[in-house]
Amino acid sequence: MVEIKVERGTPTAEELAAVVALVQARAAAAGSGAADGPAPLDSWADPARNVPAPVPAPGPGAWRASAWPA
C-alpha cells in the first residue's frame, strides 16, 4: 500500500478521495500493460513514402542515372 502524506494545508475529505482515486487509477493503468499511445503505422501509411527521390547531380552519365535509379 502506498502512503500519501499531506505536507501543507488542510484538504477536505472530497479532495483526499479525489487524490486516492487518481493514484489508484494510475496504478491500475500501469499494471494492466496498456499501450502508451497509438499503435505504430503500417509502412504503407508512412508519410515518408511520399517524399520524392533525390535528383541526380549533373555530370557525366547524369542522363542515364535519371532513368535508372540506383
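The opening residue of the sequence shown carries number 1 in full-length UniProt numbering; numbering runs sequentially from there. Where a beta carbon is used, it is the ideal one built from N, C-alpha and C, also for glycine.
The alpha helix (DSSP H) that contains residue i, what's its start and end?
i             : result
alanine 13    : 13-31
tryptophan 63 : 62-67
On the premise that residue j lies in contact with residue i, defined as a C-beta separation below 8 Å, what is that separation, rounded to the nearest angstrom?
i         : j        : result
valine 23 : valine 2 : 7 Å
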